[in-house]
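Written out below as structure tokens is the structure these notes cover.
Numbering (the working numbering), first residue to last: 197 to 462.
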């Protein structure tokens, strides 16, 4: 029986991944800093789930998560580095604390997970897969979301580096880059700043109008994992036309525009 470890598992995409993993008969290690919501997901999944309160910004906390996962189930087959945060506003007005939180959760949270689990995965020398959650925003920079855009771009680069490093060390450990489009989560739950109120409303509407439910999204993710895909883009229509437009901007050296604006998509 396979074992999946999922950070950010108390809600949204993480909870959807946990439910799908359990539906496929896997044991699931749920990690999140929100104990109340984490316990609720674990109660829903029953004996298949182990809930471990985890702060991904702490290496000690990730090490403890790995210790508990291996002590309880003896193996890890899927590692989802999924925890993430988002802040909106003009980049120079977003507080230092918010900038630091974005880097610590979105980027260092993944690095901490890799440090905790990769040596164990290499030692086990058996098939496993690491899935790092970026975003379509990791390819399409957005105004009023600079910390999110910058960190998700970093996740794309980090994951490609990881894949090539592991390819030289083990034929058994594979890597995937997960790039969600709009998914109906609470990621825009923070109150917007005055500068970003209109943008915040637009993005919330985009989620409501075009977002997938977290369970539907998770089923697409696991289907891609089954196919062995590196690039997991469950909503390609939300990325590739806009990415083509962005690549044209770069190739032609024209001033950047907000690539998500509707008028840029034919």
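All C-beta atoms, glycine included, are put in the ideal place defined by N, C-alpha and C.
Distance, Cα to Cα, residue i vs residue j?
| i | j | result |
| --- | --- | --- |
| residue 356 | residue 371 | 8 Å |
| residue 288 | residue 323 | 45 Å |
| residue 253 | residue 283 | 17 Å |
| residue 384 | residue 332 | Because residue 384 carries a pLDDT of 49, less than 50, the predicted location of this residue cannot be relied on, and the following value inherits that uncertainty. Their Cα atoms are separated by approximately 16 Å. |
| residue 342 | residue 317 | 34 Å |
| residue 327 | residue 275 | 6 Å |
| residue 367 | residue 319 | 13 Å |
| residue 272 | residue 441 | 40 Å |
| residue 457 | residue 238 | Low local confidence applies: a pLDDT of 47 at residue 457 is under 50, so the model's placement there is unreliable, and no value is given. |
| residue 242 | residue 265 | 16 Å |
| residue 452 | residue 299 | 24 Å |
| residue 210 | residue 417 | 11 Å |
| residue 202 | residue 212 | 10 Å |
| residue 352 | residue 260 | 26 Å |
| residue 236 | residue 444 | 46 Å |
| residue 194 | residue 285 | An answer regarding residue 194 cannot be provided, because it is not within the stretch 197 to 462 covered by the chain. |
| residue 294 | residue 338 | 17 Å |
| residue 255 | residue 233 | 22 Å |
| residue 431 | residue 277 | 19 Å |
| residue 290 | residue 345 | 13 Å |
| residue 315 | residue 231 | 28 Å |
| residue 363 | residue 454 | 36 Å |
| residue 306 | residue 410 | 21 Å |
| residue 446 | residue 340 | 21 Å |
| residue 262 | residue 361 | 21 Å |
| residue 240 | residue 408 | 21 Å |
By Cβ distance below 7 Å, which residues in the same chain neighbour residue i in space, the five residues on each side in sequence not counted?
| i | result |
| --- | --- |
| residue 280 | 204, 301, 302, 329 |
| residue 425 | 372 |
| residue 448 | none |
| residue 268 | 246 |
| residue 334 | 348, 349, 351, 352, 375 |
Leaving out five residues before and five after residue i in sequence, what residues of the same chain have Cβ atoms less than 6 Å from its Cβ?
| i | result |
| --- | --- |
| residue 350 | 303 |
| residue 258 | 308, 309, 312 |
| residue 200 | 217, 222, 224, 274 |
| residue 359 | 371 |
Please report the Cβ distance between residue i and residue j, rounded to the nearest whole angstrom; I am assuming they are in contact, meaning their Cβ atoms lie under 8 Å.
| i | j | result |
| --- | --- | --- |
| residue 414 | residue 215 | 7 Å |
| residue 437 | residue 406 | Rounded, the Cβ-Cβ distance is 14 Å, inconsistent with contact. |
| residue 439 | residue 354 | Rounded, the Cβ-Cβ distance is 19 Å, inconsistent with contact. |
| residue 207 | residue 347 | About 19 Å; that fails the 8 Å criterion. |
Leaving out the 5 sequence neighbours to the left and right, which residues in its chain are closer than 8 Å to residue i when beta-carbon positions are compared?
| i | result |
| --- | --- |
| residue 427 | 372, 373, 375 |
| residue 251 | 229, 257 |
| residue 321 | 366, 368 |
| residue 434 | 332, 377, 378, 406 |
| residue 197 | 221, 222, 223 |
Between the segment 238–254 and the segment 220–230, are three or more C-beta pairs nearer than 8 Å?
-> yes
Please specify which runs of the beta strand (DSSP E), each continuous and at least 3 residues long, are wholly inside the segment 213–266, giving them in chain order.
-> 223–228, 245–249
Where are the beta strand (DSSP E) runs, 3 residues long or more, that stay fully inside the segment 320–356, in chain order?
-> 324–329
In chain order, which continuous runs of the beta strand (DSSP E) of length 3 or greater are located wholly inside the segment 262–314?
-> 274–277
Can you give, in chain order, each stretch of the beta strand (DSSP E) that sits fully within the segment 357–386 and has at least 3 residues?
-> 369–374
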